[in-house]
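Here is the structure we will look at.
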Ligand code: CAA
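Residue numbers (our numbering): 1 to 379.
What follows is the structure, encoded as structure tokens:
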């Protein structure tokens with residue numbers, strides 16, 4: 001067993017850390033306050049290869065492993081989880097499935113610009129009445145010659161407005177339940193496709209989360225990914241990998257809050273000495289560091305299993321469940337270390353606490369992770 005990161009991994013980590021400091025940190029408070037999508041920053045992330053990190057270079061990706069991806073996710077999430085979720089969705093929920101299950105034509109037309117970061121993608125599974133219960137899809141695609149006619153509404157879609165390419169999960173044979181679900185590539189601008197309301201959120205306020213409406217949208221048959229009926233398995237497999245990215249995001253949020261708390265504790269004086277010299281603060285720092293280290297090991301293990309071609313659904317659910325709890329615990333404690341300063345925007349930790357909460361909700365709530373984990377145990 002080797003816990004050492006390679007030279008290449010360290011270089012990716014350093015590049016992401018520098019990008020986060022120089023490009024994401026300036027303006028992050030303003031973007032959060034006014035719910036502004038980090039458009040320029042995400043475009044630069046695309047130019048630097050952060051949006052298609054694991055895609056084969058022949059499809060314009062970075063050809064890197066999942067460990068590199070989680071290292072970059074952690075570093076970017078320390079500073080701006082709104083930017084890192086755009087990256088996570090594009091890498092894990094959009095590019096991964098297109099590369100694994102897309103046709104050669106789909107890869108040429110859609111995967112290449114998505115992996116190169118020229119276009120942004122969105123993954124459209126959730127509906128007003130199908131969040132955790134993903135089999136209850138109401139969006140319907142009815143075959144009509146060489147097209148499908150798509151009707152329905154999707155909710156809480158990350159990159160909802162900034163994306164150009166949308167992977168939409170829809171029923172093709174409702175009578176077959178989850179075996180009647182398929183997945184389609186839909187382009188922004190097609191007749192009948194409307195981007196709906198933007199959500200005003202507690203955290204990741206820079207991420208543009210929208211509802212989407214499809215009314216008689218004509219989707220060519222060649223835009224279906226895989227066979228009819230493959231959509232639910234496709235979505236579940238996609239989320240197995242996506243959860244590694246969100247676990248890494250949660251880890252980054254926790255580690256970012258911890259780094260701020262540690263630095264603050266060395267500067268701030270109370271009762272005649274730096275507060276880091278008080279045992280009350282030292283115990284908090286020790287707890288935070290321990291939780292973060294444990295979360296990092298789980299995230300890296302899930303990423304490593306995926307890279308080895310081993311089964312990773314169980315490990316990714318465990319990593320997401322634990323890392324997202326750590327993100328909540330550590331960000332709350334980081335505010336406590338900062339005292340009153342932690343409660344105001346200028347010190348960043350209150351934003352990190354608000355951002356942390358979503359990691360217990362999207363790509364499956366903590367309760368969904370427990371379902372996946374317990375099924376793995378009992379199988
Ligand atoms: N991996 C692979 N296959 C899986 C799977 C997994 N993790 N979970 C289920 N499946 C397969 C099953 O094997 C089964 O296949 P067969 O019929 O071939 O045997 C099929 O899917 C149906 O499984 P279940 O009967 O177990 O389905 P279920 O209805 O009981 O529930 C669930 C499954 C795990 C609860 C699932 O609905 C789920 O994961 N829900 C959460 C959905 C979710 O994460 N949504 C997030 C939206 S995306 C998002 O948040 C993106 C973003 O903005 C950042």
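Just so it is clear, CB atoms sit at the ideal spot from N, CA and C, and this is done for glycine as well.
Quick caveat: nothing in here was measured; it's all calculated off a predicted structure.
In chain order, what residues of the same chain have a beta carbon less than 6 Å from the beta carbon of residue 168, not counting five sequence neighbours either side? Taking the first residue of the chain shown as position 1, residue 168 is located at position 168. Excluding residues within five positions, the ones whose Cβ falls inside 6 Å are 124, 184 and 186.
Close Cβ partners of residue 252 (< 8 Å) along its chain, the five nearest in sequence each way excluded: Residue mapping note: residue 252 aligns to position 252 of the chain shown, counting from 1. Apart from the 5 residues on each side of it in sequence, residue 252 sits with its Cβ closer than 8 Å to the Cβ of 73, 74, 75, 76, 77, 78, 81 and 84 in its chain, given in chain order.
Counting along the chain, where does the beta strand (DSSP E) carrying residue 213 start and finish? Start at 1 with the first residue of the chain shown, and residue 213 comes out as number 213. Its beta strand (DSSP E) spans residues 209 to 220.
Measuring CA to CA, which of 289, 297 and 365 is closest to residue 321? The residue labelled residue 321 in the question sits at position 321 within the chain shown. Cα-wise, what sits closest to residue 321 is 365.
Return the chain-ordered list of same chain residues with a C-beta closer than 6 Å to the C-beta of residue 241, the five sequence neighbours on each side being excluded. Taking the first residue of the chain shown as 1, we reach residue 241 at position 241. So the qualifying residues of the chain are 92 and 96.
How should residue 190 be labelled, buried or exposed, when 16 other C-beta atoms within 10 angstroms of its C-beta is the threshold for buried? As a first step, residue 190 is located in the chain shown; it is residue number 190 there, counting from the start. When all chains shown are included, residue 190 counts as exposed.
Beta-carbon within less than 7 Å of residue 306's beta-carbon, same chain only, minus the 5 sequence neighbours each way: which residues are those? The count along the chain shown starts at 1 and reaches residue 306 at position 306. Excluding its 5 nearest sequence neighbours in each direction, residue 306 has C-beta neighbours in its own chain below 7 Å: 66, 241, 244 and 312, listed in chain order.
Could you give the distance in angstroms between the alpha-carbon of residue 354 and the alpha-carbon of residue 204? Within the chain shown, the letter at position 354 stands for residue 354. Within the chain shown, the letter at position 204 stands for residue 204. Roughly 7 Å separates the two Cα atoms.
Touch test, the stretch 370 to 378 against the stretch 136 to 145, Cβ-Cβ under 8 Å, three pairs minimum: No, the stretch 370 to 378 is not in contact with the stretch 136 to 145.
What would DSSP say about residue 158, mapped onto helix, strand or coil? For the purposes of this step, residue 158 is taken as residue 158 along the chain shown, with counting starting at 1. Correct three-state label for residue 158: strand.
Just the C-alpha distance for residue 231 and residue 267, rounded to the nearest angstrom, thanks. Here residue 231 refers to the residue found at position 231 of the chain shown. Here residue 267 refers to the residue found at position 267 of the chain shown. Residue 231 and residue 267 have their alpha carbons spaced roughly 53 Å apart.
Report whether the distance from the Cβ of residue 197 to the nearest heavy atom of the ligand CAA is below 7 Å. The residue labelled residue 197 in the question sits at position 197 within the chain shown. Residue 197: no, Cβ never under 7 Å from the ligand CAA.
Go ahead and label residue 128 buried or exposed: buried means 16 or more other beta carbons lie within 10 angstroms of its beta carbon, across all protein chains shown. Looking up residue 128 in the chain shown gives position 128. Label assigned to residue 128: exposed.
Residue nearest to residue 270 in terms of C-alpha spacing, selected from 119, 339 and 30: As a position in the chain shown, residue 270 is number 270, starting the count at 1. Nearest to residue 270 by alpha-carbon distance, out of 119, 339 and 30, is 339.
Is any heavy atom in the ligand CAA found nearer than 7 Å to the beta carbon of residue 234? For the purposes of this step, residue 234 is taken as residue 234 along the chain shown, with counting starting at 1. It does not: the Cβ of residue 234 is nowhere closer than 7 Å to a heavy atom of the ligand CAA.
Cβ of residue 37 versus every heavy atom of the ligand CAA: is any distance shorter than 7 Å? Here residue 37 refers to the residue found at position 37 of the chain shown. No; taking the cut-off as 7 Å, the Cβ of residue 37 has no heavy atom of the ligand CAA nearer than that.
Beta-carbon proximity of residue 291 to residue 359, cut-off 8 Å: Here residue 291 corresponds to residue number 291 of the chain shown, with the count starting at 1. Here residue 359 corresponds to residue number 359 of the chain shown, with the count starting at 1. Result no, Cβ atoms of residue 291 and residue 359 do not sit closer than 8 Å.
Cβ of residue 362 within 7 Å of any heavy atom in the ligand CAA? Numbered from 1 along the chain shown, position 362 holds the residue referred to as residue 362. Because some heavy atom of the ligand CAA lies under 7 Å away, the Cβ of residue 362 counts as near it: yes.
Could you check if residue 222 is buried or exposed, using at least 16 other CB atoms within 10 Å of its CB as the buried criterion? Counting from 1 along the chain shown, the entry for residue 222 is found at position 222. Classified as exposed, residue 222 has fewer than 16 neighbouring CB atoms from the shown chains inside 10 Å of its CB.
Any chance the CB of residue 132 is under 7 Å from a heavy atom of the ligand CAA? Position 132 of the chain shown, counted from the start, is the residue given in the question as residue 132. True, at least one ligand heavy atom lies under 7 Å from that Cβ.
Taking the beta carbon of residue 344 as the centre, do at least 16 other beta carbons fall within 10 Å, making it buried, or is it exposed? Residue 344 sits at position 344 when you count from the first residue of the chain shown. That one is exposed.
So what does DSSP say about residue 125, is it helix, strand or coil? If you number the chain shown from 1, residue 125 lands on position 125. Looking at residue 125 - three-state DSSP - the assignment turns out to be coil, as it is neither helix nor strand.
For the beta strand (DSSP E) containing residue 335, list its first residue and its last residue. Counting from one through the chain shown, the residue named residue 335 turns up at place 335. Looking at the DSSP string, residue 335 is not in any beta strand (DSSP E); the run it does join, the alpha helix (DSSP H), is 313 to 338.
Looking only at its chain, what residues have a beta carbon closer than 8 Å to the beta carbon of residue 147, apart from the 5 residues adjacent to it on each side? As a working note, residue 147 is residue 147 in the chain shown. In chain order, 218, 219, 220 and 221 place their CB closer than 8 Å to the CB of residue 147, counting only its own chain and leaving out the 5 sequence neighbours on each side.
Answer yes or no: do residue 171 and residue 157 have a C-beta to C-beta separation smaller than 8 Å? Along the chain shown, read from residue 1 onward, the residue named residue 171 stands at position 171. Along the chain shown, read from residue 1 onward, the residue named residue 157 stands at position 157. No, the pair does not count as a contact, with Cβ atoms beyond the cut-off.
How about residue 313: is its Cβ closer than 7 Å to a heavy atom in the ligand CAA? Residue numbering aside, residue 313 sits at position 313 when the chain shown is read from its first letter. Within the cutoff, so yes.
Near residue 254, what residues of its chain come up, given a Cβ to Cβ distance below 6 Å and the 5 sequence neighbours on each side ignored? Counted from its first residue, the chain shown places residue 254 at position 254. Listed in chain order, the non-local C-beta contacts of residue 254 below 6 Å within the same chain comprise 292, 326, 327 and 330, local neighbours out to five positions each way being set aside.
Let's test the definition: count the other Cβ atoms within 10 Å of the Cβ of residue 379 and tell me whether it reaches 16, buried, or not, exposed. On the chain shown, residue 379 is found 379 positions in, with the first residue counted as 1. The residue is exposed, with fewer than 16 neighbouring Cβ atoms inside 10 Å.
Taking 8 Å as the cut-off, does the stretch 40 to 54 touch the stretch 100 to 107 (at least 3 CB pairs, one atom from each stretch)? The answer is no - the stretch 40 to 54 does not touch the stretch 100 to 107, with fewer than three Cβ pairs under 8 Å.
Residue 372 - DSSP class collapsed to helix/strand/coil: Numbered from its first residue, the chain shown carries residue 372 at position 372. Helix, per DSSP.
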